[in-house]
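In our numbering, the protein residues as written are 88 to 551.
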Amino acid sequence: MADLSCLPVVQQTLQRPLTQLEQLIVEGTWQGQRYGQMAQASGYGEEYIKQIGARLWAELSEKLGTAVTKKNLRLMFGGPVAPVSSQVIPLVSASAARSLAQLETDFLPTASAVDFPSGPLPLTSRSYINRPPVEEAALAEITHAGCLLCIKAPRRFGKTSLLQRVIAYGEALGHRPCRIDLQEADATVFDSLEALVRWFCRRMVCALGADVKVDDLWDSEMGSKVNAGLCLQSLLAQDNLIQDNRPLLLTINALEQVFAYPAIARDFLSMLRLWHERSKDDDLWQRLRLVLVYSTDCYIALNLEASPFNVGHSLRLPPFTLDQFLALGRCYQLSMVDSDRHRPYLEDLYQLIAGHPYLANLSFYVLAEGQHLPDLSTLTDGIFRSHLQELWVQLGQNPAALAAWQRVVDGAGVSLNVIDTLQLESLGLIRTEDGLVYPVCELYRGFFAAQLSCPGAEVVTLRN
Numbered sequence: 088m089a090d091l092s093c094l095p096v097v098q099q100t101l102q103r104p105l106t107q108l109e110q111l112i113v114e115g116t117w118q119g120q121r122y123g124q125m126a127q128a129s130g131y132g133e134e135y136i137k138q139i140g141a142r143l144w145a146e147l148s149e150k151l152g153t154a155v156t157k158k159n160l161r162l163m164f165g166g167p168v169a170p171v172s173s174q175v176i177p178l179v180s181a182s183a184a185r186s187l188a189q190l191e192t193d194f195l196p197t198a199s200a201v202d203f204p205s206g207p208l209p210l211t212s213r214s215y216i217n218r219p220p221v222e223e224a225a226l227a228e229i230t231h232a233g234c235l236l237c238i239k240a241p242r243r244f245g246k247t248s249l250l251q252r253v254i255a256y257g258e259a260l261g262h263r264p265c266r267i268d269l270q271e272a273d274a275t276v277f278d279s280l281e282a283l284v285r286w287f288c289r290r291m292v293c294a295l296g297a298d299v300k301v302d303d304l305w306d307s308e309m310g311s312k313v314n315a316g317l318c319l320q321s322l323l324a325q326d327n328l329i330q331d332n333r334p335l336l337l338t339i340n341a342l343e344q345v346f347a348y349p350a351i352a353r354d355f356l357s358m359l360r361l362w363h364e365r366s367k368d369d370d371l372w373q374r375l376r377l378v379l380v381y382s383t384d385c386y387i388a389l390n391l392e393a394s395p396f397n398v399g400h401s402l403r404l405p406p407f408t409l410d411q412f413l414a415l416g417r418c419y420q421l422s423m424v425d426s427d428r429h430r431p432y433l434e435d436l437y438q439l440i441a442g443h444p445y446l447a448n449l450s451f452y453v454l455a456e457g458q459h460l461p462d463l464s465t466l467t468d469g470i471f472r473s474h475l476q477e478l479w480v481q482l483g484q485n486p487a488a489l490a491a492w493q494r495v496v497d498g499a500g501v502s503l504n505v506i507d508t509l510q511l512e513s514l515g516l517i518r519t520e521d522g523l524v525y526p527v528c529e530l531y532r533g534f535f536a537a538q539l540s541c542p543g544a545e546v547v548t549l550r551n
């Protein structure tokens, strides 16, 4: 196994954190592995690993003033080999550089190190599970000048956790991050396009700490889209980006917030499309890397030439496969994951939640705490109670969506209108197949069937 001391030394040499894949390459090289072996162990493509490895050796060579290669890594960063965890260390921020002792304390697996699943997973979380090829494709995309990356998944599927890793990777490459989250916007921000765009521009300026006065740039006769473009152009032309040749990584989380305002959304989304297209023939705008994250498709009728969703690279985060589900259980140090006796129980659990990432984390957390998963008949008083009640309240606030959901729960594949489909999809309740809508998992179907008193409601239980 790799000597953990190699990783801090390499990071100190580069004066930046290593990405998850770079750490895998360093560890694998230290162990004498071939790129093909690293690819098999990680799920990344061999050619992509070679590309990242070559760039890593070149960067180390430049820093040290002498050639660093895969073959001479031990010679350059030599030291005794000590047994360490086989787990790949997650992405860490630049401020997270620590001593070897701290690294060992932070990164070696311990049962107590896993927190209750709530919100995005920190970069140092052991319970982040890669879903190839999504992560590889996302990280590769932001290396391209003028890129547009779209990431879609239902709520609590890991979008923000993936976004954090994309941002960390961009920072490792020297990108200047600019994070915008539309969930931070007050309701009044969506009163008009001008209100939204002014808020958006001020958030960009604030996120970058730039010396740009939005009000001084603003010309009401030019229109909001033009004013926003001028603001972003000023940010791209900032000295700290120009002198260091640094790209600007602009990420917009919860883009679906604007979908509820069709008149505003059409202009706002076409503005994003225009920004991406300007990179085709403008060197300054090629510095822009644009990442859009949202929980459902846009149900607003958009001109195909004005939509940002049919250009660039679109990724959909899938549920966990069974192997990924079991890998998550190992992150929680559960020996039952590899037990033949418990395998039927775990397979039933996987089928019950259909690989839902949040529900999988919640299940394994409870098992790691020594508790027992309840049957569906006692679910309202069990570990999923809070999550299911939250969904129930949200549905209760939208009578049309609730009525549509009752049809889904009571049927065996139904057809819904576009708006109902997208509203239920954004909650993570449904999946579509051949134009028909189904509950995404038996957990939801069984619970809501009981709540809605649908005919044919069954209790789903797990095998012992």
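Even for Gly, the Cβ is constructed at its ideal location relative to N, Cα and C.
Exposed or buried, what is residue i when buried is set at 16 or more other beta-carbons lying within 10 Å of its beta-carbon?
{"i": "L503", "result": "buried"}
{"i": "T338", "result": "buried"}
{"i": "C288", "result": "buried"}
{"i": "I506", "result": "exposed"}
{"i": "G500", "result": "exposed"}
{"i": "C293", "result": "exposed"}
{"i": "S450", "result": "buried"}
{"i": "S473", "result": "exposed"}
{"i": "G533", "result": "buried"}
{"i": "F203", "result": "exposed"}
{"i": "S311", "result": "buried"}
{"i": "G442", "result": "buried"}
{"i": "L371", "result": "exposed"}
Give the straight-line distance between the Cα atoms of residue i and residue j, rounded to the nearest whole angstrom.
{"i": "V96", "j": "F164", "result": "8 Å"}
{"i": "A352", "j": "A227", "result": "29 Å"}
{"i": "C318", "j": "D521", "result": "44 Å"}
{"i": "D410", "j": "P241", "result": "21 Å"}
{"i": "W479", "j": "P526", "result": "14 Å"}
{"i": "L190", "j": "S540", "result": "Note that L190 scores a pLDDT of 28, beneath 50, so its modelled location is shaky and nothing firm can be said."}
{"i": "A536", "j": "V253", "result": "39 Å"}
{"i": "L162", "j": "D331", "result": "32 Å"}
{"i": "R103", "j": "A259", "result": "6 Å"}
{"i": "L208", "j": "F471", "result": "19 Å"}
{"i": "W286", "j": "A154", "result": "49 Å"}
{"i": "P220", "j": "H400", "result": "13 Å"}
{"i": "T211", "j": "Y437", "result": "25 Å"}
{"i": "V378", "j": "D427", "result": "43 Å"}
{"i": "A490", "j": "G469", "result": "26 Å"}
{"i": "R243", "j": "G152", "result": "46 Å"}
{"i": "S86", "j": "V301", "result": "The chain is shown only over 88 to 551; residue 86 falls outside these bounds and no answer can be derived."}
{"i": "A269", "j": "D425", "result": "One point to set straight first is that residue 269 is Leu, not Ala, in the sequence displayed. Roughly 42 Å between the two C-alpha positions."}
{"i": "G416", "j": "A128", "result": "18 Å"}
{"i": "L328", "j": "L475", "result": "46 Å"}
{"i": "R160", "j": "E133", "result": "Per the sequence presented here, residue 160 reads as Leu, with Arg not at that position. The alpha-carbon atoms of L160 and E133 are separated by roughly 19 Å."}
{"i": "V398", "j": "Q344", "result": "21 Å"}
{"i": "T116", "j": "K157", "result": "6 Å"}
{"i": "G483", "j": "A347", "result": "18 Å"}
{"i": "C385", "j": "Q120", "result": "45 Å"}
So, residue i versus residue j, is the Cβ gap smaller than 8 Å?
{"i": "M125", "j": "I139", "result": "no"}
{"i": "V495", "j": "V524", "result": "yes"}
{"i": "L342", "j": "V380", "result": "yes"}
{"i": "T106", "j": "K150", "result": "no"}
{"i": "G245", "j": "P486", "result": "no"}
{"i": "A297", "j": "L322", "result": "yes"}
{"i": "P405", "j": "R218", "result": "yes"}
{"i": "L433", "j": "L530", "result": "no"}
{"i": "L421", "j": "A455", "result": "yes"}
{"i": "Q493", "j": "L514", "result": "no"}
{"i": "R290", "j": "C418", "result": "no"}
{"i": "L249", "j": "E223", "result": "no"}
{"i": "T383", "j": "E512", "result": "yes"}
Ignore the nearest five residues each way along the sequence and tell me which others in residue i's own chain have a CB closer than 6 Å to its CB.
{"i": "N314", "result": "W305"}
{"i": "P334", "result": "H262, R374, R376"}
{"i": "I136", "result": "Y122, M125, A126"}
{"i": "S510", "result": "What sits at residue 510 in the sequence shown is Gln, not Ser. Result list for Q510: A488, in chain order."}
{"i": "A544", "result": "Annotation note: pLDDT 49 at A544 (below 50); position unreliable, no value reported."}
Determine whether the Cβ of residue i lies closer than 8 Å to any Cβ atom of chain B.
{"i": "L433", "result": "Within the model displayed, chain B is absent; a lone protein chain is all it includes."}
Leaving out five residues before and five after residue i in sequence, what residues of the same chain have Cβ atoms less than 7 Å from its Cβ?
{"i": "E109", "result": "I139, L143"}
{"i": "Q325", "result": "A297"}
For residue i, which residues in the same chain have their Cβ closer than 8 Å to its Cβ, ignoring the five residues on either side in sequence?
{"i": "R266", "result": "I254, A294, T338, N340"}
{"i": "L147", "result": "V97, T100, L101, V155, M163"}
{"i": "K367", "result": "G233"}
Quiz item: Any chance the segment 271-279 sits against the segment 231-240, with 3 or more Cβ pairs inside 8 Å?
Solution: Look at the beta carbons and you see the segment 271-279 not touching the segment 231-240: under three pairs across the two are nearer than 8 Å.
Self-check item: Touch test, the segment 279-291 against the segment 348-365, Cβ-Cβ under 8 Å, three pairs minimum
Solution: The segment 279-291 is in contact with the segment 348-365.
Quiz item: Does the count of Cβ pairs from the segment 212-229 and the segment 356-367 closer than 8 Å reach three?
Solution: Between the segment 212-229 and the segment 356-367 there are fewer than three inter-stretch CB-CB distances shorter than 8 Å, so the stretches are not counted as touching.
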